[in-house]
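J.: Here you go, one structure.
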Ligand code: GCW
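In full-length UniProt numbering, the protein residues as written are 11 to 682.
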């Protein structure tokens, strides 16, 4: 699993390989510089792998050659017009004649775009696609991983070992894995990494660490990847010995300006900061009676001369406020629309709660037209069975991206909010909380790499389908045989809905075990904190179950545009996948299937369990076809997933039965 989707195994079909070979008699990179060198190294690795023998580097040019460079290179200058109109780092793969020789040219206006073009070309070879003309450019600008990595190398919500960043041996020892990390990211268009946890430690801003950060930045630079850090808001107190971190205090502002100037002496292309403030105990501007905008703008102003940005998180809630937790971010941030400096992005989780198996899209998408919004997805599976359960997340990402906010009438999907087209923003992006650690296979579950891959691909192009992305990943990573690909793809695509069914069906949410968020615990009641209580979210009682967020309840729905409200507000109309998210529903309510809610709940849990059993059967058919060790690993993990799906079903149904006081319907077994 170490090589990820960059295995470059030999193209299995000899006819396909021969067709490619005819078009690839030689190759040359006609640009110079660190990125051009990276391209050469990648091709020297990839082409012999794919074809079983090297393809000559033909510096002088040959007929049927591959020519790679930027449009500044005189040889490719005639292609300048083809790339000139593309978004930054876009590229073109085109058939042309160069110095009279039949050629395929990969060209971009930038070095990084050239590298992306090469990875795209390699993907075509790896997935057996024709070498047709391609013109591709990213739909968002900041395509960034957030590592919740601590300086002691533990990873918050990390299930794939310890942090990749070996702070102890940095800066002098450069683990080759840093390069492989950069290759993998560049191959899917990821161009930023926030190295540290949003629950931040100010120490990373001290020279001792900045040296180490610089070393990583130097490794990543040729791959087009910028480093970012998390800024602990109280750093002026902790590091600067100031009595306050008030963002309007002059000394505090000066302290940050000096600190930022210092950072840029180490890392001239430093990307900027991600900030979690006034959330879950983190310090922030509200400690001083200031707003999130005051806090973000102070940092943004200091970063602005260096073109750095601030990604200010909107994941805020206060357990002492009786308000529905899902309403709190909107309450805080909506009034600040238009108050942030242009180099601030407000980073909003995909849903209003916290990375649940299913949530409606966050109401801030569509509510802050004057603010650049950066969606945050979580690749690490905090609430999704960690790295133990198989859960391919592209369908979850897509559901959010495709959701219509109606902000400018019908046809205003989240994807167009975040790619800037809806409200004419140029600072755009997509953030993913990384699922990467130092496990040999990077992501813990051998198939969880698909989520890293899918995130990058969708950040580049949110129009790609989860199925296409899965297909690519499987072909590059696991197998080229169409039938095998089809089986694994079907498995991956079903996992999202399956998990929803055995964990949180029909709109249930946050009924996971306290704090660790693994396994069922709908009974959890924390006396201190309403919002850390499962009971708070499901609200089961003698009448029914579900959180009434309609206009009759907390009116969280009121934060959406009217057509969205209309879709969900009426219990009879509300799509059943969100029913218990938005409504408290009587146990005997008749569902679309004709069953009562209670029976439907029971059947849905059972369906979830049955679907895991089907995945096991599907996977069994691949015995002897996919790599043996991989097969054994996934078999064991699926067995755990099955066992735990039954645990979820039994625990939740037994618990909820105390309220419904109804028997389990036929077909749903009594817990052993
Ligand atoms: O999902 C929750 C996690 C916290 C995390 C927080 C956040 C980094 O339980 O561990 O803290 O969200 O996103 O800030």
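Quick reminder that beta carbons are idealized off the backbone N, C-alpha and C, glycines included.
Hey, residue 226 and residue 188 are a contact pair by Cβ (cut 8 Å); roughly how many whole angstroms apart?
T.: The pair is a contact, with the Cβ atoms about 6 Å apart (cut-off 8 Å).
J.: Start and end of the beta strand (DSSP E) containing residue 321?
T.: Run containing residue 321: 319–323, per the beta strand (DSSP E) assignment.
J.: Indicate, with yes or no, if the ligand GCW has a heavy atom lying under 6 Å from the CB of residue 208.
T.: yes
J.: Would you give the residue range spanned by the beta strand (DSSP E) that residue 104 belongs to?
T.: 101–108
J.: For the ligand GCW, is there any heavy atom lying closer than 6 Å to the beta carbon of residue 158?
T.: Yes - the ligand GCW has a heavy atom lying nearer than 6 Å to the Cβ of residue 158.
J.: Check whether the region 324–334 and the region 275–282 touch, using three or more Cβ-Cβ pairs below 8 Å as the test.
T.: no
J.: Looking only at its own chain, which residues have a Cβ that is under 6 Å from the Cβ of residue 44, when we skip the five neighbours before and after it?
T.: 232
J.: Quick check on the burial criterion: 16 or more other C-beta atoms within 10 angstroms. Buried or exposed for residue 573?
T.: With fewer than 16 Cβ atoms within 10 Å of its Cβ, residue 573 is classed as exposed.
J.: Here's a check: name, in chain order, each residue in its chain whose Cβ is nearer than 6 Å to the Cβ of residue 72, leaving out the five neighbours to either side.
T.: 35, 36
J.: Out of curiosity, what's the CA-to-CA distance linking residue 631 and residue 643?
T.: 15 Å
J.: I'd like the list of long-range same chain contacts for residue 256, defined as Cβ closer than 7 Å, with 5 residues on each side in sequence excluded.
T.: 262, 298, 300
J.: Please report how far the alpha carbon of residue 496 lies from the alpha carbon of residue 627, in whole angstroms.
T.: CA-CA distance, residue 496 to residue 627, rounds to 14 Å.
J.: Closer than 6 Å: is that where the CB of residue 17 sits relative to any heavy atom of the ligand GCW?
T.: no
J.: For residue 470, I'd like the list of residues in its chain whose CB is within less than 6 Å of its CB, leaving aside the five on either flank, ordered along the chain.
T.: Counting only residues of its own chain and dropping the five nearest sequence neighbours on each side, residue 470 has a CB closer than 6 Å to the CB of 148, 199.
J.: Within the same chain, show all residues whose beta-carbon is closer than 8 Å to that of residue 722, passing over the 5 residues directly before and after it, in chain order.
T.: This structure gives no information on residue 722, because the portion of the chain shown stretches from 11 to 682.
J.: Which residue or residues does DSSP assign as beta-bridge partners of residue 239?
T.: 283
J.: Could you tell me whether the region 97–116 touches the region 138–148, where touching means 3 or more Cβ pairs closer than 8 Å?
T.: yes
J.: Quick one: Cα of residue 19 to Cα of residue 196, how far?
T.: Their backbone Cα atoms lie some 19 Å apart in a straight line.
J.: Where does the unbroken alpha helix (DSSP H) through residue 371 begin, and where does it stop?
T.: Note, residue 371: premise wrong, no alpha helix (DSSP H); not H, not E.
J.: In this structure, what does DSSP give as the bridge partners for residue 459?
T.: BP columns for residue 459 are empty, so no partner.
J.: Thinking just about the alpha-carbon of each residue, which of 53, 487, 31 is nearest to the one in residue 140?
T.: 31
J.: Please say whether residue 340 and residue 569 have beta carbons closer to each other than 7 Å?
T.: Against a cut-off of 7 Å, the Cβ pair of residue 340 and residue 569 comes out as a contact.
J.: For residue 331, count the other beta carbons within 10 Å of its own beta carbon; 16 or more makes it buried, fewer makes it exposed. Which is it?
T.: Burial call: exposed.
J.: Rounded to whole angstroms, what's the CA-CA distance from residue 114 to residue 400? Just pull it up for me.
T.: 39 Å
J.: Indicate, with yes or no, if the ligand GCW has a heavy atom lying under 6 Å from the CB of residue 243.
T.: no
J.: What do you reckon, are the CB atoms on residue 38 and residue 68 nearer than 7 Å?
T.: yes
J.: When the Cα atoms are used, what is the spatial distance from residue 159 to residue 23?
T.: Between the C-alpha atoms of residue 159 and residue 23 there is a straight-line separation of about 42 Å.
J.: When DSSP builds the beta bridges, which residues end up paired with residue 606?
T.: 600
J.: When DSSP builds the beta bridges, which residues end up paired with residue 115?
T.: 77, 104
J.: Among the residues of its own chain, which have a CB less than 8 Å from the CB of residue 648, if the five just before and after it don't count?
T.: 400, 622, 625, 626, 629
J.: Determine the extent of the beta strand (DSSP E) in which residue 355 is found, giving its start and end residues.
T.: 354–359
J.: Checking 7 Å against the spacing of the C-beta atoms, do residue 192 and residue 235 come in under that value?
T.: yes
J.: Considering Cα atoms alone, identify which of 111, 62, 118, 53 is closest to residue 83.
T.: Among 111, 62, 118, 53, the Cα nearest to that of residue 83 belongs to 118.
J.: Could you check where the beta strand (DSSP E) with residue 386 kicks off and where it finishes?
T.: 382–388
J.: Looking at residue 371 and the ligand GCW, is the gap between the Cβ and the nearest heavy atom below 6 Å?
T.: The answer is no for residue 371.
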